[in-house]
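J.: For the sequence shown, counting from 1, position 196 maps to 203 in the numbering used here; every step adds exactly one.
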Amino acid sequence: MNAVPNTTAAAANGMSRAHSNGPASLWLSLAGALLAVAAAFVAAPHSAHAQDMQSAPSFVDNFSNFDRSRWYVSDGWSNGAHQNCIWSKDLVRLSDGVLSLSFEKRKFKDREFACAEIQTKQRYGYGVYEARMKTDSGSGLNAAFFTYIGPQDKKPWDEIDFEVLTKDPSKVQVNSYIQGKPKNGKLVDVEGGADKGFNDYGFVWEKDRLRWYVNGKLVNEVTNPDELPTNPQKIFFSLWGSDKLTNWMGAFADPGRKVTMQVKRIAFTALGQPCQFPESLACTITNSN
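1. Using alpha carbons as the reference points, say which of Asn86, Gly104, Ser81 and Gly87 lies closest to serine 95.
2. Which value, in whole angstroms, describes the spacing of the CA atoms of tyrosine 133 and threonine 237?
3. What does the Cβ neighbour count give for lysine 174, buried or exposed, with the cut at 16 atoms within 10 Å?
4. Taking the beta carbon of serine 36 as the centre, do at least 16 other beta carbons fall within 10 Å, making it buried, or is it exposed?
5. Could you have a look at threonine 154 and say whether DSSP puts it in helix, strand or coil?
6. Contact between the stretch 243-257 and the stretch 105-125: three or more CB pairs below 8 angstroms?
7. Run through DSSP, which three-state label would threonine 253 get?
8. On the criterion of 16 or more Cβ atoms from any shown chain inside 10 Å, does threonine 267 qualify as buried, or is it exposed?
9. Measure from the alpha carbon of valine 171 to the alpha carbon of each residue in Leu225, Pro64, Cys290 and Gly147, then state which is nearest.
10. With DSSP collapsed to three states, give me the class of aspartate 165.
11. My guess is that lysine 271 and methionine 140 are in contact by the Cβ rule of under 8 angstroms, so how many angstroms apart are they, rounded?
12. Check leucine 278 in the structure and name its three-state DSSP category.
13. Suppose the cutoff is 8 angstroms on Cβ atoms and the five residues either side in sequence are ignored; what does the same chain contact list for valine 105 look like?
14. Helix, strand or coil for glutamate 234, going by three-state DSSP, please let me know.
15. Using beta-carbon positions only, say whether glutamine 280 and alanine 274 come within less than 9 angstroms of one another.
16. Does DSSP classify threonine 173 as helix, strand or coil?
17. Which residue wins for smallest C-alpha separation from glycine 200, given the options Asp143, Lys116 and Arg216?
18. Given a threshold of 16 other Cβ atoms within 10 Å of its Cβ, counted over all protein chains shown, does proline 176 qualify as buried or as exposed?
19. Between the C-alpha atoms of glutamine 180 and phenylalanine 169, what's the straight-line distance to the nearest angstrom?
Shown next as structure tokens:
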């Protein structure tokens, strides 16, 4: 659950089609139509899906620098009363190719704690989403990699999540929200622990299917069309706490130190596009796995 208030949004890339109505014989018109149909059948199967939803282009960010044309840093507000911290840009740091988002005890506005979040300025559609990250531990905290769009963007609430509830970093929760309703929730193992080393989290979002992967292993799959997102979304990373959502996140306890999640890489590969780095899911994913 990661609803967010109003922020800057970049328009997705538009697509248009030209139509010609010049004079031509019936046979030439039929021939042209047949050629167009043939071309459609020859095209890669994922490419047709990619054209059904507008999307910003593919990218890989290894955090060699912080690209402010891509990322918006949340600062000075919270997501609601359930959150016991205020987003602070001071808790987003970059060092030696690793992006760090932190949570710490620090009086900020009406809260006793400060926390961190970044989000893309553009929206992304069908494709392969991948993050390599390491979390911390601590009850009452949530370290998340997810996509989201919602009412503040004049769209329905759609969301796709990886959420490490750091009360138990041996697992990660995968789920989605469709029209604001939670769907497809599942708690899956992270071999070795989300806090012991960097792990790869990825999902493949298609028009008719959504699949989640942890370290290259398929851990959840949804094909019910009523439980699939239909709107392009922004990509987020966040680390936050709550002293209200105890049944879900555990009883909050002041960790007594700065808690940090680290991200080494984030990538989006549009369906039908070539994979962008050797370890990418997009290099190996097939219709069957």
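Here a beta-carbon is modelled for each residue, glycine too, at the ideal position from N, C-alpha and C.
T.: In short, the structure shows the following:
1. Among Asn86, Gly104, Ser81 and Gly87, the Cα nearest to that of serine 95 belongs to Ser81.
2. 9 angstroms
3. By the neighbour-count criterion, in which 16 or more other beta carbons inside 10 Å mark a residue as buried, lysine 174 falls on the buried side.
4. Low per-residue confidence applies at serine 36: pLDDT is 34, beneath 50, and the placement is therefore not dependable enough to give any value.
5. strand
6. yes
7. helix
8. buried
9. Gly147
10. strand
11. 7 angstroms
12. The answer is coil: DSSP assigns leucine 278 none of H, G, I, E or B.
13. Phe70, Gln269, Val270 and Lys271
14. It is helical.
15. no
16. coil
17. Asp143
18. buried
19. 6 angstroms
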